[in-house]
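Asks:
In our numbering, the protein residues as written are 1 to 324.
(1) Tell me whether residue 214 sits in a helix, a strand or coil according to DSSP, three-state version.
(2) Report the CB separation of residue 40 from residue 32 in whole angstroms; it is logged as a contact under 8 Å.
(3) According to the Cβ coordinates, are residue 63 and residue 88 closer than 8 Å?
(4) Is it buried or exposed for residue 288, if we count other Cβ within 10 angstroms and need 16 for buried?
(5) Write down the C-beta distance between residue 234 and residue 253 rounded to the nearest angstrom, noting that I regard them as a contact closer than 8 Å.
(6) Could you give the distance in angstroms between the alpha-carbon of residue 282 and the alpha-carbon of residue 319?
(7) So the beta strand (DSSP E) residue 71 belongs to, where does it begin and stop?
(8) For residue 13, count the other beta carbons within 10 Å of its own beta carbon; 16 or more makes it buried, fewer makes it exposed. Which is it?
(9) Would you mind reading off the limits of the beta strand (DSSP E) that contains residue 39?
(10) Going by C-alpha to C-alpha distance, which of 84, 180, 99, 105 sits closest to residue 77?
(11) For residue 182 versus residue 191, is the C-beta distance shorter than 8 Å?
(12) Using the Cβ count rule (16 or more neighbours within 10 Å means buried), how would you classify residue 107?
(13) Could you check if residue 65 is buried or exposed, using at least 16 other CB atoms within 10 Å of its CB as the buried criterion?
(14) Are the Cβ atoms of residue 96 and residue 152 separated by less than 8 Å?
(15) Confirm, please, whether the CB-CB distance from residue 75 to residue 272 is below 8 Å.
(16) Between the stretch 191-201 and the stretch 222-233, are three or more C-beta pairs nearer than 8 Å?
(17) In the DSSP assignment, the beta strand (DSSP E) including residue 278 goes from what residue to what residue?
(18) Measure the alpha-carbon distance for residue 325 versus residue 223 and round it to whole angstroms.
(19) Tell me which same chain residues have a C-beta within less than 8 Å of the C-beta of residue 38, skipping the five on either side of it?
(20) Ignoring anything shorter than 4 residues or poking outside the stretch 162-249, list the alpha helix (DSSP H) runs there in chain order.
(21) According to DSSP, is residue 11 helix, strand or coil?
(22) Taking the continuous beta strand (DSSP E) assigned at residue 302, which residues delimit it?
(23) Whole angstroms are fine: how far does the CA of residue 136 sit from the CA of residue 197?
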């Protein structure tokens, strides 16, 4: 049976505040828990005024305290931005606070320009090259295989995940015997090839005996297809702003937005939005089921920020009612 989860960037909307964004994240996590979702993940981004999940482990503690059963985790922690020891301490703390509920999804892409690299005091390109070794070192810290033991962290048992949008992450997840999550909601190009490689080369581990795949989709569900498409335009505007080097806070939806764009921008949105379910509850359920059939994913994680936080809750609840 396919399981469903939520990926949240903790969006800060135009005219809104950080406090409002964190409160909306709690409301979304509680709604996801009540709707039967398995996980609520926060993605790490830095120096972006429209995304409030930079201090990912802190946000997860906030969510964990407000919920009781849903798993909480990172989708993901960009390990080149950190040291393995620091992440062992942070997620060891989360594991102690919320035992049996914590996921640690790890990604390689630092996604930072020269200014942010200086602010982080990291050579991120070199750190990215060390990513495989750092993943193994992080696991070793928690297992106690080393001279230095993180406290908290020693003996912690978060569920480790490998994240990716290319063949590299699939290869590493297969070699280390980790579950694998693919970022198809914005980078669909290598989805099929990556999943085939991961399943073919998977080496069982103590934590994961067989390949386990999660794939990401955008979800915008409403009473009508037109209303759902309008909801999605806030995210469309964010994608266009990011691709043109002008990221900003999440903007209000604009009816017919896509049709107002030049052909190149329309093509870009059509390309990166391939893994999407936009429409009525039945249309969304059909799109999700078709995507599951294509990918054979064990889990689907839904992205899809909306300017009105309640609209995302309504979207999720309507879609889940049609899916389960």
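Using N, Cα and C, we set each Cβ at its ideal position, and we do this for glycine too. It should be emphasised that the depicted structure is a prediction, and the values quoted were computed from it without experimental measurement.
Replies: Here's the rundown:
(1) Stepping through the chain shown from its first residue, residue 214 is reached at position 214. Strand, per DSSP.
(2) Locating residue 40 in the chain shown gives position 40, counting from the first residue. Locating residue 32 in the chain shown gives position 32, counting from the first residue. Right, the Cβ-Cβ distance comes to about 5 Å (below 8 Å), so this counts as a contact.
(3) Here residue 63 is taken as the residue at index 63 of the chain shown, counted from 1. Here residue 88 is taken as the residue at index 88 of the chain shown, counted from 1. Result no, Cβ atoms of residue 63 and residue 88 do not sit closer than 8 Å.
(4) One-based indexing of the chain shown puts residue 288 at position 288. Buried, since its Cβ has 16 or more Cβ neighbours within 10 Å.
(5) On the chain shown, residue 234 is found 234 positions in, with the first residue counted as 1. On the chain shown, residue 253 is found 253 positions in, with the first residue counted as 1. About 5 Å separates the two Cβ atoms, so the contact holds.
(6) Stepping through the chain shown from its first residue, residue 282 is reached at position 282. Stepping through the chain shown from its first residue, residue 319 is reached at position 319. Answer to the nearest angstrom: the Cα atoms are 8 Å apart.
(7) Within the chain shown, residue 71 is the residue found at index 71, counting from 1. Its beta strand (DSSP E) spans residues 71-78.
(8) If you number the chain shown from 1, residue 13 lands on position 13. Buried: at least 16 other Cβ atoms inside 10 Å.
(9) In the chain shown, the residue the question calls residue 39 occupies position 39. Here the beta strand (DSSP E) through residue 39 covers 39-42.
(10) Walking along the chain shown from the start, residue 77 turns up at place 77. Ranking 84, 180, 99, 105 by Cα distance to residue 77 puts 105 first.
(11) As a working note, residue 182 is residue 182 in the chain shown. As a working note, residue 191 is residue 191 in the chain shown. For residue 182 and residue 191, yes; Cβs fall inside 8 Å.
(12) Along the chain shown, one-based indexing puts residue 107 at 107. Answer is buried; the Cβ neighbour count reaches 16.
(13) Position 65 of the chain shown, counted from the first residue, corresponds to residue 65. Per the 10 Å Cβ criterion, exposed.
(14) Indexing the chain shown from 1 puts residue 96 at position 96. Indexing the chain shown from 1 puts residue 152 at position 152. Cβ distance < 8 Å, so residue 96 and residue 152 count as in contact.
(15) Within the chain shown, residue 272 is the residue found at index 272, counting from 1. Within the chain shown, residue 75 is the residue found at index 75, counting from 1. No.
(16) no
(17) By one-based count along the chain shown, residue 278 stands at place 278. Per DSSP, residue 278 belongs to the beta strand (DSSP E) from 276-279.
(18) Only positions 1 to 324 of the chain appear in the structure, and residue 325 is not among them; the question remains open.
(19) Working through the chain shown from its first residue, we reach residue 38 at position 38. For residue 38, where only same-chain residues beyond five positions count, the Cβ hits under 8 Å are 3, 4, 5, 70, 71, 299.
(20) 167-176, 191-201, 225-231, 233-243
(21) In the chain shown, counting from the first residue as 1, residue 11 sits at position 11. It is a strand residue.
(22) Your numbering for residue 302 matches position 302 in the chain shown. Looking at the DSSP string, the run of the beta strand (DSSP E) that includes residue 302 is 299-303.
(23) By one-based count along the chain shown, residue 197 stands at place 197. By one-based count along the chain shown, residue 136 stands at place 136. Rounded to whole angstroms, the separation of the alpha carbons of residue 136 and residue 197 is 21 Å.
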